[in-house]
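Here is the structure we will look at.
In the working numbering, the protein residues as written are 148 to 315.
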């Protein structure tokens with residue numbers, strides 16, 4: 148390419164850190180229609196926009212039993228866990244607020260903690276306060292150490308700069 152005078156530049160963000168991040172989210176409730184089943188989670192498209200914007204695939208793993216329940220294979224007791232096709236969606240009232248569509252998952256229940264994998268690149272920098280949703284916290288994990296590097300935004304943080312001090 149050098150002979151042609153062409154120079155290739157690569158933006159390595161996702162390549163370097165994409166797999167280093169995980170978005171933790173909890174199932175709020177399950178909704179069923181005649182055609183589909185939905186797990187509504189507490190994270191939304193404003194927290195991780197890649198699935199809505201690019202239809203980016205992110206593996207989603209139940210945190211309580213990441214090896215058995217997600218795959219539908221036998222667990223330690225030999226029990227086979229049944230899987231189901233389900234849409235994993237956020238609470239924002241937008242058709243693009245989804246993390247997975249028609250994904251084979253274990254039977255999910257309200258309160259289940261899920262890990263949305265490969266969320267390390269552009270998660271926070273592309274996050275927004277759309278629909279007045281506060282930004283999530285960020286933690287840094289190194290071996291057995293955990294440090295909070297960005298606190299969860301509160302509604303007060305969100306609107307604090309919009310209200311004049313005299314109007315409070």
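Glycine is no exception: its CB is placed at the ideal position from the N, C-alpha and C atoms.
Legend entry - residue 190 beta carbon less than 8 Å from that of residue 237: As a first step, residue 237 is located in the chain shown; it is residue number 90 there, counting from the start. As a first step, residue 190 is located in the chain shown; it is residue number 43 there, counting from the start. In contact: residue 237 and residue 190 (Cβ atoms closer than 8 Å).
Inset, instruction - Note down, in chain order, each residue of its chain lying with its Cβ closer than 6 Å to the Cβ of residue 260, except the 5 sequence neighbours on either side. - result: By 1-based counting over the chain shown, the position of residue 260 is 113. 173, 210, listed in sequence order.
Legend entry - residue 204 in three-state terms, based on DSSP: To locate residue 204, count along the chain shown from 1; it is residue 57. Coil, per DSSP.
Inset, instruction - Within its chain, find whatever has a CB closer than 7 Å to the CB of residue 166; leave out the 5 residues flanking it on each side and keep chain order. - result: For the purposes of this step, residue 166 is taken as residue 19 along the chain shown, with counting starting at 1. Cβ within range, chain order: 265, 267.
Legend entry - Rounded straight-line distance, which links the Cα of residue 283 to that of residue 293: In the chain shown, counting from the first residue as 1, residue 293 sits at position 146. In the chain shown, counting from the first residue as 1, residue 283 sits at position 136. Using only the alpha carbons, I get a separation of about 16 Å.
Inset, instruction - Inspect the CB distances between the stretch 268 to 283 and the stretch 187 to 204 and report whether three or more fall short of 8 Å. - result: yes
Legend entry - Candidates 183, 299, 233, 185, of which the one nearest residue 276 by Cα: In the chain shown, counting from the first residue as 1, residue 276 sits at position 129. Closest by alpha carbon: 299.
Legend entry - Residue from 235, 296, 149 whose Cα sits closest to the Cα of residue 177: As a first step, residue 177 is located in the chain shown; it is residue number 30 there, counting from the start. Nearest of 235, 296, 149 to residue 177, Cα basis: 235.
Inset, instruction - State the Cα-Cα distance for the pair residue 217 and residue 203, rounded to the nearest angstrom. - result: As a working note, residue 217 is residue 70 in the chain shown. As a working note, residue 203 is residue 56 in the chain shown. The predicted position of residue 217 is uncertain, since its pLDDT is 47 and thus under 50; no value can be drawn from it.
Inset, instruction - State the Cα-Cα distance for the pair residue 240 and residue 291, rounded to the nearest angstrom. - result: Locating residue 240 in the chain shown gives position 93, counting from the first residue. Locating residue 291 in the chain shown gives position 144, counting from the first residue. The alpha-carbon atoms of residue 240 and residue 291 are separated by roughly 38 Å.
Inset, instruction - Starting from residue 173, trace the beta strand (DSSP E) both ways and give me its first and last residue. - result: The sequence position of residue 173 within the chain shown is 26, counting from 1. First-last of the beta strand (DSSP E) with residue 173: 170 to 179.
Inset, instruction - My understanding is that residue 262 touches residue 171, with C-beta atoms under 8 Å, so please give their C-beta distance in whole angstroms. - result: Translated into the one-based positions of the chain shown, residue 262 becomes position 115. Translated into the one-based positions of the chain shown, residue 171 becomes position 24. Indeed, because the Cβ distance is near 6 Å, the residues count as touching under 8 Å.
Legend entry - residue 245 classed as buried or exposed, judged by whether at least 16 other C-beta atoms fall within 10 angstroms: Counting from 1 along the chain shown, the entry for residue 245 is found at position 98. So residue 245 counts as buried.
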